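Under this note's numbering, residues 6 to 1122 are what the sequence shown spells out, in order.
Notes follow once the structure below has been shown.
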Amino acid sequence: MTTLLPLDFHPVLREWWAGRFSSTGAEPTEAQLDGWRAIRRGEDTLIAAPTGSGKTLAAFLTAIDQLLREGMETGGLPDEVRVIYVSPLKALSADIHKNLAEPRREIHALAPQIKITAAVRSGDTPQPERAAMLRTPPHILVTTPESLYLLLTAERSRQMLKTARLVIVDEIHAVLQSRRGAHLALSLERLDHVCGRPLQRIGLSATQKPIEEVARFLTRKPCTIVDKGHRRKMDLAVEVPKSPLEAVMSHEVWAEIYQRLVQLIEEHRTTLITVNTRRLAERMAHQLSERLGPEYVAAHHGSLAKEARLDAEQRLREGRLKVLVATASLELGIDIGHVDLVCQISSPHRMATFLQRVGRSGHTIKGVPKGRIFPLTRDDLIECAAMVRAVYDGELDHVEVPDRPLDVLAQQLVAETAAEEEWDEEALLELCRRAYPYRALEKAKYMEVVEMLARGYATRRGRRGALLHYDSLNRKLRARKGARMSAILNGGAIPEVFDYRVLLEPEGHFIGTLNEDFAIESLPGDVFQLGNTSWRILRIGNGVVRVADAQGQPPSMPFWLGEAPARSDEMSAAVSRLRAAVDFELPGPDEPRKEGDLDGAVELLERDYRLSRMAAEQIAQYLAEGKRSLGVVPTVDTIALERFFDESGGMQLVLHAPFGSRVNRAWGLALRKKFCQGFNFELQAAATEEGIILSLGSQHSFPLEEVFRYLHPNTVRDTLEQALLQSPIFETRWRWSTTLALAVPRNRGGARVPNQLQRMYAEDLLQAVFPDAAACQDNLPGAREIPEHPLVSQALRDALEEAVDLHGLEAQLRRLYAGEIATIARDTPEPSVLSHELLNSAVYTFLDDAPLEERRTRAVYTRRATELRSADDLGALDPAAIQRVREEAWPVANTPDEMYDALMVAGYIKQAELAPHWPGLLDSLGERAIRRGEAWFALERADDEPLELIASRLEALGPVTERQIDVPDAAVALQALETQGRILRGRFTPGIAELEWCDRRLLARIHRYTLNRLRAEIEPVSAADFLRFLFHWQHVAGEDQVQGVEGLAAVIEQLEGYELAAAGWENDVLPARVASYGSEQLDQLCLSGRVAWGRLTPGSRAPLRSSPIALLQREHA
């Protein structure tokens, strides 16, 4: 390897490289060398390599070489655009432009006759700079996908682009899987059309899987792939606090995490902390500021003003910040200088995201990225461990490119038609099909979009949205008046979010944005934090919150509502592999507990997953307790249903299925719809990465195993469609689609359309094209009838395939029906430990609109600590509780009237069940008591239907088997009672393998008694009992005193680190604990070297007799 550029580069460029990098010994990387060869051959090239491998320089250097050669040959460069660099972030575009400035100056110094110019065109570019760019086009144009779209649509800027020869798409993986990717793909085809030839395309990406898919997205031509892999030496570890993780993080455990973060920050020069939410970014920045000082900590996220973000980046580059707390706003290649350590708080759910974030440290060619990941719950710990293992193993998430989004197509059709006088229908279709996401665009779908844009929409406010003229005879498309302006003002593929702008009074300086709900719920005088600074609200107006500096007053943390990032399928598989590996090492669910049961699992986690002993023990103990409760450890190949009573008498149904939140959300919504149709009752439900929880009412009774078969892969789509049409998911996707398709304006006349008006326009449009969606459900004769309309189809497809994963659910249901997924169903007296996080799931997991304070899951008691010993009994009801309920339910009769009531309540009583004094009472009843065979009936109930007799019988007996009910057609009656929700079936009595039936109320009482017994085991003792324990524990009671030197050594070990005056030790503490204590015993321990003494806390005076000292074991001194 040489530090020089290859000989085929221009001598000036080779001289510049040598002068810039030879002193540092920097060598061209393999990615750069292979990329240069392909680019110089004129081939479309995709360079995929880890962060810090010089991809951007590889792309630009060849472009600069071409410009240099052209200028040398012609005596100067004309003012024409030659290179277009497209970056997904405005900040990254500005960063690249700044980083190009110095090389351009240095090259100009070596070749004064050549001046290569560059300019940025993004949403942040001031108007004077935009105008100057049109007058004197730069050689290198740095822009974003949205600004490229605008440049292609506006008349003068479109002409400016005609001279381009090369387009560079940086961080292509950041837009690939979203609407922005489809939007960019169409813009690139429009750019080729403007230039009159296919431009050479260079793509820069972190390695993706499959990388060939990224290449196909970049260009329709053959593409050279330079894939140097994502695997590089990394220093990764999972950090856990000293206290055990639980379903909800306590303040004490958060304090331990902050303490560890401070320790790591102090051990490194600069630290980047990455989090998954803006709220957590603000909260963490606030907590670390209190510990390190506000001048050393800053927050960085998308809701901060550009100036605040740039200031934080600059301070980090200059070393004035010790730590920056950021969201995804810093994932891409923005230059933030040298970062020693990246700390990720909670799993980011995707391996590529974790790699991208950790790659911000060691951001040099030979640097070693260093990352620490902090899980916040036990399920999070398992996922973090699986993620670190997967990254070390070189795994990656699978890339999925959006398939023919019709709303983006509509927008680009309007923009391109408005930019030309007219377009031939077929020619425009072929242009669209050249973009990879639209390669399979059907002519019929294309024409639906064209006709929609030509006809518009008839709403209650009149016809709107007609942006094209369509000449069906000559097959020509022309833009209507105002179409170009609409496309320019409302273009782009980033979904509209209704945030409020925060302005500082009196200057009106823009600080950032707040979520609409947070802004509306706030009041003047409230103090909140934004950008690690406290602000006091002065007034709240239309889309604007006006504030003043709160001078450091304690703030509340704002929230931003949005969809949480979902776990990738590959990450779910990695989590499942960890669970299965641990399950293999755990004892069976029915095996007796013995010491060392978990050793195999702990050793596996330490060895194969590089976990600390503490983290490995937590995972092993957590899964072991779950296995004892459910009988299995749930994986993608084994799922479990769990049902238990809550405190209100209702029941909770939990499906343990670690398929990821998109599949589980689809499953939960469809199940919720099935329950609604079957029981005519709306359920509260939530779905997480690990499973689904549904809150059942008292009328819900069904065989638990049947829930697995409630949904069928052939019909689940129809069920899920109807469920989504009633959910906010479809409503949001509809609004997004209408704005992207230019049907609902985001801006008008240079001003933003207010949030509420946008909502109203979207609702009017929905009512016009899809009346059933806006209709009252009570007035519909059946399911909502979905019309054939491009935007309805697109919004529904987005809901089915983006918000949830219909195809993933169908695949899992097919596996279920094929027997490839094992199932188990358990009724438990209290929730298993694996259900705790579902019971405490966050608001974004809810599948219904009930607020947090009204959730039925809040009525469920869960024990805080993971106690494996108690899990032995968790899957079974207490036999004593069952017997007690049987005794309470069985009637008591001491008079004839009470005897008659007993017959009425119990339905009938068998001869063998009569108490010794009951025959006399029955005789006294005369004809009112009727005997038939071996059973006694009340006269009024002798001819009752079997169903009612069995119902009464079960109310008096508790759990019984079908054989114990001597009534004709008992099986049919039991099924009917279950359907009515009056009884439940299961295996309730320990030791009885046969299926049992029990009255719902009695079963709830049995559960309550079982829980009371379990709770009594951990019930706090009285103060007197605690004091008695302390006397015993501290060896103070006479019979508990220790003796001799060894006893004294044990006492010192127990009191190690406690400080007390020497006289206090000799006269009070030690004599109270050691029988016949003498000072020579302590002297003996000190002289032998086993014990040392000293002062732990500094004092302001010289040592005195009253100075506190501590006794320590020598190895700890």
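The C-beta atom is built at its ideal place from N, Cα and C for all residues, glycine as well.
Quick caveat: nothing in here was measured; it's all calculated off a predicted structure.
- Only buried fits LYS327, as 16 or more other CB atoms lie within 10 angstroms of its CB.
- The beta carbon of PRO143 sits closer than 7 Å to the beta carbons of VAL86, THR122, ALA123 and ALA124 from its chain, once the five residues preceding and following it are set aside; these are given in chain order.
- With contacts defined by Cβ atoms closer than 7 Å, THR224 and ARG206 form a contacting pair.
- The segment 169-223 is shown to contain whole beta strand (DSSP E) runs of 3 or more residues at 171-174 and 205-210, in chain order.
- Counting C-beta pairs closer than 8 Å gives fewer than three between the segment 611-618 and the segment 418-434, which falls short of the contact rule.
- Relative to the Cα of GLU939, the nearest Cα in the group ALA808, LEU954 and ASP971 belongs to ASP971.
- The criterion of a C-beta distance shorter than 7 Å is not satisfied by TRP22 and GLU111.
- In the pairwise beta carbon analysis, the segment 586-596 is classified as touching the segment 632-645: at least three pairs are separated by under 8 Å.
- The beta carbons of LEU811 and LEU725 sit closer together than 7 Å.
- When rounded, the separation of the alpha-carbon atoms in ARG1078 and ALA1097 is 19 Å.
- If you draw a 10 Å sphere on the C-beta of PRO11, you find fewer than 16 other C-beta atoms in it, and that means exposed.
- Of the residues GLY517, ILE525 and GLN731, the one whose Cα lies closest to the Cα of GLN761 is ILE525.
- Contact check for ARG946 and GLY912: beta-carbon distance about 7 Å, within the 8 Å limit, so the pair qualifies.
- Restricting attention to GLN689, ASP574, ILE230 and PRO55, the CA atom closest to the CA of HIS403 is found in ASP574.
- Residue burial is scored here from C-beta neighbours: LEU1032 has fewer than 16 other C-beta atoms within 10 angstroms and is therefore classed as exposed.
- Close CB contacts of ARG221 within its chain, under the 6 Å cut and outside five residues either way in sequence, are with TYR441 (chain order).
- Following the DSSP letters along the chain, one finds SER700 inside the beta strand (DSSP E) bounded by residues 696-701.
- If you look at GLU726, you'll find it isn't in any beta strand (DSSP E); it sits in the alpha helix (DSSP H) that goes 721-730.
- A Cβ-Cβ distance of about 4 Å is found for the pair ALA625 and ALA606, placing them in contact under the 8 Å criterion.
- Residue ranges of uninterrupted beta strand (DSSP E) with 3 or more members, entirely inside the segment 251-318 and ordered along the chain, are 276-279 and 302-305.
- For ARG572, no pairing in a beta bridge is given by DSSP.
- Beta-bridge partners of HIS403 (DSSP): LYS214.
- Within the segment 513-542, the alpha helix (DSSP H) runs of at least 4 residues that lie entirely inside it are, in chain order, 521-526.
- Counting along the chain, ARG990 sits inside the beta strand (DSSP E) bounded by residues 988-991.
- For ALA830, the three-state secondary structure derived from DSSP is strand.
- Secondary structure at MET656: strand, using DSSP grouped into helix, strand and coil.
- Look at LEU908 here: in three-state DSSP terms it is helix.
- Assigned with DSSP and collapsed to three states, LEU770 falls in helix.
- The straight-line gap separating the alpha-carbon atoms of TYR766 and LYS486 is approximately 21 Å.
- With the rule of 3 Cβ pairs closer than 8 Å, the segment 433-453 does not count as touching the segment 710-720.
- Counting the other Cβ atoms within 10 Å of the Cβ of PHE942 gives 16 or more, which makes it buried.
- Here VAL219 is buried. Its C-beta has 16 or more other C-beta atoms within 10 Å.
- Inter-residue distance for LEU266 and LEU293 is about 8 Å (C-alpha atoms, whole angstroms).
- In the structure shown, the three-state DSSP call for SER334 is helix.
- For the pair ARG135 and ARG170, the Cα-to-Cα distance works out to about 21 Å.
- Shortest Cα-Cα distance from TYR263 to any of ASP240, ALA252, MET289 and ALA242 involves MET289.
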